[in-house]
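Student: First the structure, then my questions, so here it is.
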Amino acid sequence: MANVKTVLPNLRCTLGEGPHWDSREGVLYWVDIVGKTAYALRPNDGGSRSWTFDQPVAAIVPRENGGLMVALADGLAFLDPESGETTPFVAPDSDHAGNRSNESRVDPAGRFWHGTMQNNIGPNGEDLPVTASTGTLNRVGADGETARFLSDIGISNTLLWSADGTRMFFGDTIKNTLNVYDFDMETGVPSNPRVFFGPQDRGNMDGSAMDADGYIWNARWGGGCLIRFNPAGEIDRIIDLPVTQPTSCVFGGPDLKTLYITSASVGLEGNGNELEGALLSIQTDVAGLPCTRFAG
Numbered sequence: 001m002a003n004v005k006t007v008l009p010n011l012r013c014t015l016g017e018g019p020h021w022d023s024r025e026g027v028l029y030w031v032d033i034v035g036k037t038a039y040a041l042r043p044n045d046g047g048s049r050s051w052t053f054d055q056p057v058a059a060i061v062p063r064e065n066g067g068l069m070v071a072l073a074d075g076l077a078f079l080d081p082e083s084g085e086t087t088p089f090v091a092p093d094s095d096h097a098g099n100r101s102n103e104s105r106v107d108p109a110g111r112f113w114h115g116t117m118q119n120n121i122g123p124n125g126e127d128l129p130v131t132a133s134t135g136t137l138n139r140v141g142a143d144g145e146t147a148r149f150l151s152d153i154g155i156s157n158t159l160l161w162s163a164d165g166t167r168m169f170f171g172d173t174i175k176n177t178l179n180v181y182d183f184d185m186e187t188g189v190p191s192n193p194r195v196f197f198g199p200q201d202r203g204n205m206d207g208s209a210m211d212a213d214g215y216i217w218n219a220r221w222g223g224g225c226l227i228r229f230n231p232a233g234e235i236d237r238i239i240d241l242p243v244t245q246p247t248s249c250v251f252g253g254p255d256l257k258t259l260y261i262t263s264a265s266v267g268l269e270g271n272g273n274e275l276e277g278a279l280l281s282i283q284t285d286v287a288g289l290p291c292t293r294f295a296g
């Protein structure tokens, strides 16, 4: 097992997700979707903050125009970090009232990509089954203009772009498959989807990070590991983790060589260990690609 550190020893998320590293401020952002809470941590001095909402929150990212943006269950909102007040921005998937926000990332041009899924969180945070593939994938520009590219998604997961901007990666956990698309960074349009990797023996495909060599580090829900895939979609290495349900990861730190990993305790009542839901980190031998702020 890699030298895995528990970043905040006392924090356990029910459904930790959506890590984002803001290089400008040296801040790690992430969420507990079921816990309806977003977090920020400055690792160099240990400063941390959190914001709690009246509904599940799937992502939090900094904005170029100041403040933060959150993907709440029913749409995107601007968050004032000082007051904690939210201002509704756009609801890209408002035509699917039974869905909630899930995988969300900012592309290198500053556009926000918003993936959704059938809501699987009950009123008391209980786990509900996903019975239909009603999710969508939407792109949101700085001005709030939205465009939809995919429908009929089971559980949206992994959003990545290659360093040269010519490829986008996006997948569906229900199909346990990650697809690669041709991507036009100028227009922000993906096309020509094909399978990058399919089902693996270890767990189900969840969120991912990309390193500077074009390798993808994929969190394996239920598999207790990350799988690093080479640019051809072949397994390069498997990194065992002390949690059953790693959910996503992002490269951070001053040299982008710290891989932060979110995890979940949901559904493990009595079957897990004391680290389930923790925020973890490992040091890597390669730097990651940087995250981008939302351009709006």
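Using full-length UniProt numbering, you'd call the opening residue of the sequence shown number 1 and step up by one each time. For each residue, glycine too, the CB sits at the ideal point set by N, CA and C.
State the Cα-Cα distance for the pair Pro193 and Thr37, rounded to the nearest angstrom.
Tutor: The alpha-carbon atoms of Pro193 and Thr37 are separated by roughly 34 Å.
Student: Just to check my reading of the structure: Arg293 and Ile238 have Cβ atoms closer than 8 Å, yes? What is that Cβ distance to the nearest angstrom?
Tutor: About 32 Å separates the two Cβ atoms, so there is no contact after all.
Student: Take every Cβ of the region 210-219, pair it with every Cβ of the region 179-189, and state whether three or more of those distances are shorter than 8 Å.
Tutor: In short, these stretches do not touch, since the Cβ pair count stays below three.
Student: Please go through the region 195-272 and give each complete beta strand (DSSP E) segment of 3 or more residues, from N-terminal end onward.
Tutor: Runs found: 204-210, 216-221, 225-229, 235-240, 246-252 and 258-263.
Student: Find the nearest neighbour of Ser208 within the set Tyr39, Thr177, Gly188 and Asp74, judged by alpha-carbon distance.
Tutor: With distances taken between Cα atoms, Ser208 lies closest to Thr177.
Student: When the Cα atoms are used, what is the spatial distance from Asn65 to Asn10?
Tutor: For Asn65 and Asn10, the distance between alpha carbons rounds to 33 Å.
Student: Ordered along the chain, which non-local residues of its own chain (more than five positions away) have a Cβ less than 7 Å from that of Gly84?
Tutor: So the list reads Trp51, once near-sequence residues are dropped.
Student: For Ala40, which three-state DSSP category applies?
Tutor: In the structure shown, Ala40 sits in a strand (DSSP, three-state: E or B).
Student: Would you grab the beta carbon distance between Ala287 and Asp211 for me? Rounded to a whole angstrom, and I think it's under 8 Å.
Tutor: Contact flag correct, Cβ pair sits at about 7 Å.
Student: Express the C-alpha separation of Asp74 and Asp95 in angstroms, rounding to a whole number.
Tutor: Using only the alpha carbons, I get a separation of about 10 Å.
Student: Quick one: what's got a C-beta closer than 8 Å to Phe53's C-beta in the same chain, skipping five residues either side?
Tutor: Excluding residues within five positions, the ones whose Cβ falls inside 8 Å are Lys36, Thr37, Ala38, Val70, Leu72 and Thr86.
Student: In chain order, what residues of the same chain have a beta carbon less than 7 Å from the beta carbon of Phe229, not counting five sequence neighbours either side?
Tutor: Excluding sequence neighbours, Phe229 sits near Phe197, Tyr215, Ile216, Asn218, Ile235 and Asp236.
Student: Which value, in whole angstroms, describes the spacing of the CA atoms of Gly296 and Gly270?
Tutor: Cα to Cα, the separation comes out at about 44 Å.
Student: Is it buried or exposed for Glu25, if we count other Cβ within 10 angstroms and need 16 for buried?
Tutor: Exposed: under 16 other Cβ atoms inside 10 Å.
Student: Select from Thr136, Cys225 and Gly233 the residue whose C-alpha is nearest the C-alpha of Asp240.
Tutor: Here the closest residue by C-alpha is Cys225.
Student: Please report how far the alpha carbon of Val4 lies from the alpha carbon of Val243, in whole angstroms.
Tutor: Distance between the alpha carbons of Val4 and Val243 is about 10 Å.
Student: Could you check if Ser281 is buried or exposed, using at least 16 other CB atoms within 10 Å of its CB as the buried criterion?
Tutor: When all chains shown are included, Ser281 counts as buried.
Student: Quick one: using the 10 Å Cβ neighbour count with 16 as the cut-off for buried, is Leu159 buried or exposed?
Tutor: Burial call: buried.
Student: I need the straight-line Cα distance from Ile261 to Asp143, nearest angstrom please.
Tutor: Each residue's Cα considered, the two are about 31 Å apart.
Student: Helix, strand or coil: which one does DSSP assign to Asn138?
Tutor: It is a strand residue.
Student: Comparing C-alpha positions only, which one of Pro19, Ser48 and Ile33 sits nearest to Leu8?
Tutor: The candidate whose alpha carbon is nearest that of Leu8 is Ser48.
Student: For Pro81 and His20, I'd like the C-alpha separation in whole angstroms.
Tutor: The alpha-carbon atoms of Pro81 and His20 are separated by roughly 16 Å.
Student: Judging by CA-CA distance, which residue of Asp255, Gly171 and Leu256 is the nearest neighbour of Thr136?
Tutor: The option with the nearest alpha carbon to Thr136 is Gly171.
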